[in-house]
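Taking it in order: structure first as structure tokens, then the write-up.
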């Protein structure tokens, strides 16, 4: 059986980061975009990370340009934008597709594990997936769910 820990996505700096690195952590995976109406959620995501990282939370950002091309082309520009504008210091990965035939295998797995209101496919930027310490995908959040609304769920699992 496939597990979240079987995936090895690539960080924005080009280094492969096996997700088993985060074994026994609570993981919040988010498909992000730098030029989206939900982009200010980076601030809330960073706050969650800052508040709970010592308790075992990690936020993982996966930039995606599939929704109205709202992401920079270059990973360096993405990371710089996130750091300068929102102080992001949680791990950011290479730009990926999160839906369709070319969806990254991680997102194929996530959407298969937790369907959204309209089925499995991700409909927009800032869809979020919460994974418990055992690697179970326990919750999926719509793009308009603000990070601060996820706090109680995070606290349940940390």
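Residue numbers (our numbering): 90 to 247.
Glycine is no exception: its CB is placed at the ideal position from the N, C-alpha and C atoms.
Restricting attention to 129, 194 and 98, the CA atom closest to the CA of residue 174 is found in 129. The criterion of a C-beta distance shorter than 7 Å is satisfied by residue 123 and residue 160. Each of 117, 101 and 110 was checked against the Cα of residue 243, and the nearest Cα belongs to 117.
Our two residues, residue 101 and residue 188, have alpha carbons roughly 19 Å apart in a direct line.
Collapsing the DSSP output to three states places residue 170 in a helix. About 6 Å separates the Cβ atoms of residue 98 and residue 195, confirming a contact at the 8 Å cut-off. A straight-line Cα-Cα distance of about 6 Å links residue 152 and residue 120. Here DSSP, grouped into helix, strand and coil, assigns residue 247 to coil.
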